[in-house]
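Visitor: Sharing a structure with you now.
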Amino acid sequence: MSTMRAPTGSNRSARTWGGRTREQRRAERRARLIEAALEIWVDNGWAAVTMRGVCARASLNDRYFYEHFADRDELLAVVWDEVCLEVFGELSAVVVEYLGRTPLQILRAAITRAVELQSGGHARILLAEHAGSAVLEQRRSKMLTDATDLLIAAARPYLRPGVDETSFRMSTLMGIGGFVELLAAWRTGAVDVDAARIIDHTSAHAALLSAQYLPPEVIDA
């Protein structure tokens with residue numbers, strides 16, 4: 001007499017519903033939760049992102065939230081990381097696109113793209129107010145460090161011989177930190193100028209800073 005076997009874990013995972021496997025449905029729910037959180041964040045700030053609000057916007061039962069995230073902080077961290085990865089990908093693509101140009105041309109192109117990203121879209125959350133959220137304050141700090149590392153790596157082939165690495169890192173961090181604060185002030189209206197002036201002003205300061213570390217023939221190219 002034949003016996004019936006209970007479905008194995010792999011069989012259960014592969015079982016389809018509406019043409020999708022269990023894992024596909026889980027991935028879709030996770031993506032919906034992240035997208036809902038991002039929409040709320042962009043519209044109303046990170047503090048407005050709540051478990052119930054996210055689930056309501058995603059049209060999902062509350063229990064699905066905890067299928068993917070331990071708490072709100074974990075969700076905020078995931079959303080931040082995805083947006084940050086997207087922005088760094090955009091800026092890295094600019095550097096690659098402008099290879100062969102002068103360092104200041106590359107830098108101006110990256111500045112231009114960063115300003116464009118702040119004019120609309122998801123990147124706005126990176127420069128919004130994060131006070132009160134330890135997880136976001138930590139990630140903001142890491143973002144500045146990562147941006148510093150990216151710029152240093154791009155500039156390294158052009159540096160003058162014997163440049164003090166520590167001084168260069170400190171100057172780069174100050175420059176990026178100032179740029180981030182300028183963009184934040186621009187977004188809130190504290191600095192009332194157009195995007196072109198932000199780009200020109202930042203590029204001019206970048207040129208002054210670069211003169212300390214790049215040889216004259218590179219600056220004047």
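For the sequence shown, the residue numbers in the UniProt record's numbering are 1 to 221. Idealized CB from N, CA, C, for every residue including glycine. Note that this is a predicted model, so its numbers are computed, not measured.
1) Which same chain residues, not among the five before or five after Arg32, have their C-beta less than 6 Å away from its C-beta?
2) What did DSSP end up calling Arg20 once you bin it into helix, strand or coil?
3) Can Ile176 and Ile111 be called in contact, C-beta distance under 8 Å?
4) If you follow the alpha helix (DSSP H) that Asp81 is part of, which residue opens it and which one closes it?
5) Under the rule that 16 or more other beta-carbon atoms within 10 Å means buried, what is Thr172, buried or exposed?
6) Assign Ala6 to buried or exposed, taking buried as 16 or more other Cβ atoms, counted over all protein chains shown, within 10 Å of its Cβ.
7) If we ignore side chains and look at the alpha-carbon of each, how far apart do Glu67 and Ala27 end up?
8) Tell me the DSSP secondary structure of Thr50 in three-state form.
9) Under the three-state reduction of DSSP, which class applies to Phe69: helix, strand or coil?
10) Considering Gly177, what are the terminal residues of the alpha helix (DSSP H) in which it resides?
11) For my contact list, Val95 and Leu144 are in at a C-beta cut-off of 8 Å; report their separation, rounded to the angstrom.
12) What's the C-alpha gap between Leu75 and Leu182?
13) Got a sec? Which residues, its chain only, sit under 7 Å from Ala196 by beta carbon, not counting five neighbours each side?
14) Can you say whether Thr148 is buried or exposed, counting buried as having 16 or more other CB atoms within 10 angstroms of its CB?
15) Determine the burial state of Gln118: buried for a count of at least 16 other Cβ atoms within 10 Å of its Cβ, exposed for fewer.
16) So what does DSSP say about Thr102, is it helix, strand or coil?
17) By how many angstroms is the C-alpha of Phe65 removed from the C-alpha of Glu86?
18) Should Val193 be labelled buried (16 or more other beta-carbon atoms within 10 Å of its own) or exposed?
19) For Gly45, which residues of its own chain have a beta-carbon under 8 Å away from its beta-carbon, when the five flanking residues on both sides are left out?
Guide: Reading off the structure:
1) Ala58
2) Three-state result, Arg20: strand.
3) Inclusion of Ile176 and Ile111 in the CB contact set at 8 Å is not warranted, their separation being larger than that value.
4) It spans Arg72 to Glu97 - the alpha helix (DSSP H) in which Asp81 sits, taken as one unbroken run.
5) buried
6) Unreliable positioning characterises Ala6 in this predicted model, as indicated by a pLDDT of 49, which lies under 50. A coordinate reading is not provided.
7) 11 Å
8) coil
9) In the three-state reduction of the DSSP assignment, Phe69 falls in the coil class, being assigned neither a helical nor a strand state.
10) Residues Glu165 to Thr188.
11) Between Leu144 and Val95 the Cβ distance is about 18 Å, and since that is not below 8 Å, they are no contact.
12) 28 Å
13) none
14) buried
15) buried
16) coil
17) 24 Å
18) Here Val193 is exposed, its C-beta having fewer than 16 other C-beta atoms within 10 Å.
19) Ala128 and Glu129
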